[in-house]
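Let me begin by presenting the structure, written as structure tokens, before commenting on it.
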Amino acid sequence: MEYNFKEIEQKWRQFWEDNQTFKTDINHNKPKYYVLDMFPYPSGAGLHVGHPLGYIASDIIARYKRLKGFNVLHPMGFDSFGLPAEQYAIQTGQHPAITTEENINTYIRQLKQIGFSYDWSREVRTSEPNYYKWTQWIFMQLFNHYYDKNANKALKISSLIEFFAESGNKTVNAVCDEDTAIFTAEEWNLMGEEQQQKVLLKYRLTFPDESVVNWCPGLGTVLANDEVKDGVSERGGFPVEQKKMKQWAMRITAYADRLIDGLNEVDWSDALKEQQRNWIGRSTGASVRFSVFDARSSGQNSEDLPQTSKNEHRTSIEVFTTRVDTIYGVSFMVIAPELDSVPSLTTSEQKEAVDEYIKWVASRTELDRMSEVKKVSGVFTGSYVINPFNNEKIPIYLADYVLAGYGTGAVMGVPSGDQRDWNFAKHFNLPIVPILDAQKDMDEQADNTKEGKYINSGMINGLTYKEATKVLTDFLEEKGIGKGKIQYRLRNAVFSRQRYWGEPVPVYFKGDLPYLIEESELPLTLPVIDKYLPTETGEPPLGRAEGWKYQGEYEYELSTMPGWAGSSWYWYRYMDAHNENEIASPEAINYWKAVDLYIGGSEHATGHLLYSRFWNKFLKDLGLVPEEEFAKKLINQGMIQGRSNFVYRLKSSEGQGKNPIFISYGLKDKYEVTDLHVDVNIVSNEILDIEAFRNWQPDYKNAEFILEETGSNQGKYICGVEIEKMSKRWYNVVNPDTLVDKVGADTLRLYEMFLGPLEQAKPWNTNGIDGSFRFIKKTWRLFYDDLGNFKVKDETPNPAELKVLHACIKKVEEDLERYSFNTVVSTLMICVNELGALKCSKKAILQELVILMSPYTPHISEELWTLLGNKAGTISYAQFPKFNPVYLVEANFEYPISINGKVRANISFPTDALPSDIEAGVLANEIVQKWLEGKAPKKVIVVPKRIVNVVR
RNA sequence: GCCCGGAUGGCGGAAUUGGUAGACGCGCUGGUCUCAAACACCAGUGUCUUCAUUGGCAUGCCGGUUCGACUCCGGCUCCGGGUACCA
């Protein structure tokens, strides 16, 4: 009987389906374990061979943990809102829901084929109203909460309202907009409803915010920072520009400290944690307020005054600096051209130049700006500020190297201590004042070191960096013109997208003010629209929905939520996927708690993984979830890159009607050739299947080939290789369906794990898959002889066989516990090879081998399990074999050798060479004496028997 | 520029705590089976030297610590990822 994977895999897929084998329920008698994959966006291309890599690993852990007696939650779902389905809708008019549904069906079929042990009854789809109802509900909670710094958590906005009514906001220590004014209880109570609501928006954790955002005209929507790569949109690669717009924002900055601190308690890779820390970018420094030089009071010509300054000119500019110690070196101030205060700081003489500069800055895209980083540009505003430490008059410039979005959008320029400031000063001929005695060559470049004593620095002359910083900060605080401050790079997250295919925001507007719809009216479902494009007046697509008004009267919010909304809490929905009254029942949440193992790509480091941590912390503040961090352990599987093959067409054979001639790789340099991609599926070990190639494309039907002339590949056509992204147009996409059809799902699973360490990025290469297939066939032969007779006997195993088995058990268990998936495959292969060599077909051995293999090769393992007479479909519950060390007799005993009281060496002997410890000690001594001859040690002591080093 | 990884045979990779470097697989070579091929099986396979034994050299480069270094330390080179006028 042949190993017939098609039949076997089909049979067990059906069995699992019929018996709902992987359905999981709460079970308080078992420890729980939650293994989660990052759910995919169901794209139209279906799964390629890279997708399942992480899923296979997580499935192995899920199956392993079940074998160890855990109650395992292992779900799968779909992040089904997103741009591609909507882009497709724009082109074809097909509703994105239909496209999405079709794609999901393909995904499910492919996933089931590979034999994942998901509990499909818990599947979630973020684009289903019964799911996004709860995404909207969480949004409403964010709107209804503010962040209290004293309690260090989110609290109800209603309690803030009560507090305002009683004591105003002066003593409130909460995260709010920088420009929030102080008011008393009396003033609060005198405010109208509208005024009060406006104030509250400054505190709410989600709020409409007028800010500089990444606007992508190509996609017609704003994007978050993590959705922009190198100045273009991550999806589609369209240019992105900076634009000031009113958008929903999430006050993620309120959680900045907790997001940094929480990283210490999770088992994630250092690289990823570091990436998040950098993204949050906590920097310690000080804020300093510079008062604007008032020309009137100093008796200057009033024509010089800023034009709009009559009533509302700014009296001071605040900057943030990490180097307050350099304050005496300030020779100019730079502010971002986008700031509101620019006009009020511009004098009439400079107005023309300033306007021109602002226009120029606005005309540049992110990409332009980034590529011209080195170029100095800027313009003088005509105004000055006063350095509070030495009362010097300092000119204010505009320059686009200062970002409106970071700090206050204003920077003090210290050319001696900062290279960019130095460049700027050189360009505009501003003074460069050395402030440390160690600074000499100010003509060449800035010196940002903190070594030496201060000079030219008033009150800090002669002090060191540490002393100076303290003196200055104290002075600032005493005078009330500044203070020590912690600044974050992290911005509040933009939460609107001007697109159709996303969660509607459950908000309507009365005039300018947003109000939440009633909770009982959730979900607010997507309305039907005629076209998936912005309206003629430039409103988002939802503006097309006819009669879509709250209570028939008020405008709904027309933008939708961003892609990360639905994915920021989905792991809770799996716990209780069909709950209609809550995100999930408290019972379920308190049982499953948090994700024990999360597997997915590192590309989500500063997006999904950060937002999810943020929402999780918020949900914890609400008392809805028990854990501060949602994923205890995270593994980033490496990306699978494409591996393209090339053929080389002779240039003279190109053109209409000519017979194409192809030159083999080894000879191509002798001819003029064109490199052409060839379908990797008709190339094996770089050898082209010529027949298949001729049939591949009609043009090649009569192709001729110049083959290798020498070496082991003589007479073959060899293709070239390059590593590229997996993409249809390079013909390098390897589809799991094809492989499952050729060698079966078990082989595919085994092979993907065998490729190398999970975390490592690697090109896909089907070359070695035969080895995995062979391993499975060898396993099969332990059960059947050449004639197809079942040969397993119920006999007592001998020590040699037990030794092979137990060595395998030990290694498999150790490696799985440290997530070393590839070495497990090697171990299993060794075990099968050795059992084959021993001609071992004993039931006691084989049934344990089958269990060891089952996480990797579920289908054939289930089949063999039944063949061994065990009940069908039951390799599940606490059956992982026990490691029995008795049979690991062949060990090395190690002898540490001391010379002059210090352990200098270890010598080890296999036990079978050692009749006794004493003899071993003597032997070791003799060897050491010989070995050390000439080195003349005073005394050599051998301490017998220490450690047992297990060898196979 | 800054931060984080990595570099081991022809190839993918192993070596878990400083202790036999190259497990396992691919490929290749030879053999068995076959009329022949494919499949399968068996053996060999870092490199130099040698008929062979043996021996020398080998984990990107230079140096250090150690009885002993792929592993630890210092200094480079190259590759990959992240991030960027972040004040």
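According to our numbering, the residues represented by the first sequence are 2 to 953, in order. Each residue gets a CB set at the ideal place from its N, CA and C atoms; glycine is no exception. None of these values were measured; they are calculated from a predicted model.
If you draw a straight line from the Cα of Ile115 to the Cα of Val744, it is about 12 Å long. In the displayed model, Gly544 falls within a helix according to three-state DSSP. Taking Thr136 as the centre and dropping the five residues before and after it, the same chain places the C-beta of Glu504, Ala566, Gly567 closer than 6 Å to its C-beta, in chain order.
For the pair Cys720 and Lys729, the Cα-to-Cα distance works out to about 19 Å. Within the same chain, Cβ atoms closer than 8 Å to the Cβ of Ala354 are found at Val380, Phe381, the five residues on either side in sequence being excluded. Excluding its 5 nearest sequence neighbours in each direction, Ser685 has C-beta neighbours in its own chain below 8 Å: Thr767, Asn768, listed in chain order.
Relative to the Cα of Arg500, the nearest Cα in the group Gly221, Asn226, Val293, Glu357 belongs to Gly221.
Contact between the segment 790-810 and the segment 665-678 is not established, with fewer than three Cβ pairs separated by less than 8 Å.
Short of 8 Å from the beta carbon of Ala762, and not among the five residues preceding or following it, lie these beta carbons of its own chain, in chain order: Gly639, Met640, Ile641, Gln642.
Annotation: the continuous beta strand (DSSP E) that includes Ile724 extends over 721-725. Membership of Met854 in the alpha helix (DSSP H) is indicated by the continuous run 844-854.
In this structure, Leu340 sits away from Gly408, with a CB-CB distance that is not shorter than 7 Å.
With contacts defined by Cβ atoms closer than 7 Å, Ser44 and Pro85 form a contacting pair.
For a cut-off of 8 Å, the C-beta gap from Ser384 to Thr327 is around 22 Å, too long to register as a contact. 7 Å or more divides the Cβ of Arg614 from the Cβ of Val125. Counting every other CB atom within 10 Å of its CB across the protein chains shown gives Ile183 a total below 16, marking it as exposed. When DSSP states are grouped into helix, strand and coil, Ser378 belongs to the coil group.
According to the DSSP secondary-structure assignment, Val73 is paired through a beta bridge with Tyr34. Separation of Ile158 and Pro130 (C-alpha to C-alpha, rounded to the nearest whole angstrom) is 27 Å.
Taking the Cα positions, Ile91 is about 21 Å away from Gly47.
With a beta-carbon spacing of about 20 Å, Val200 and Gln248 fall beyond the 8 Å limit used to define contacts. Between Leu749 and Leu740 the beta-carbon gap is near 5 Å, inside 8 Å, which marks them as a contact. Ranked by how close their Cα comes to the Cα of Ser212, the residues Gln880, Ser284, Pro218, Val223 have Val223 in first place.
Between the alpha carbons of Arg650 and Pro661 lies a distance of about 7 Å. In the DSSP assignment, Met413 falls within the beta strand (DSSP E) that extends over 411-414. Our two residues, Pro627 and Ala155, have alpha carbons roughly 15 Å apart in a direct line. Going by DSSP, Asp149 is part of the beta strand (DSSP E) stretching over 146-149. Met460 places its beta carbon 7 Å or farther from that of Val386.
When DSSP assignments are scanned along the segment 159-231, the uninterrupted stretches of beta strand (DSSP E) that are 3 or more residues long and fall wholly within it turn out to be 207-217, 222-224.
In the three-state reduction of the DSSP assignment, Leu431 falls in the coil class, being assigned neither a helical nor a strand state.
Taking Val735 as reference, the option from Pro764, Phe71, Gly716 with the minimal CA-CA separation is Pro764. For Thr107, the enclosing alpha helix (DSSP H) covers residues 97-115. The alpha carbon of Ile518 has as its nearest neighbour, out of Phe294, Val36, Phe144, the alpha carbon of Phe144. Every beta strand (DSSP E) stretch that sits fully inside the segment 520-580 and reaches 3 residues is listed by chain position as 555-557. Close CB contacts of Phe6 within its chain, under the 6 Å cut and outside five residues either way in sequence, are with Gly745 (chain order). DSSP places Asp795 outside both helix and strand once states are collapsed to three, so it counts as coil.
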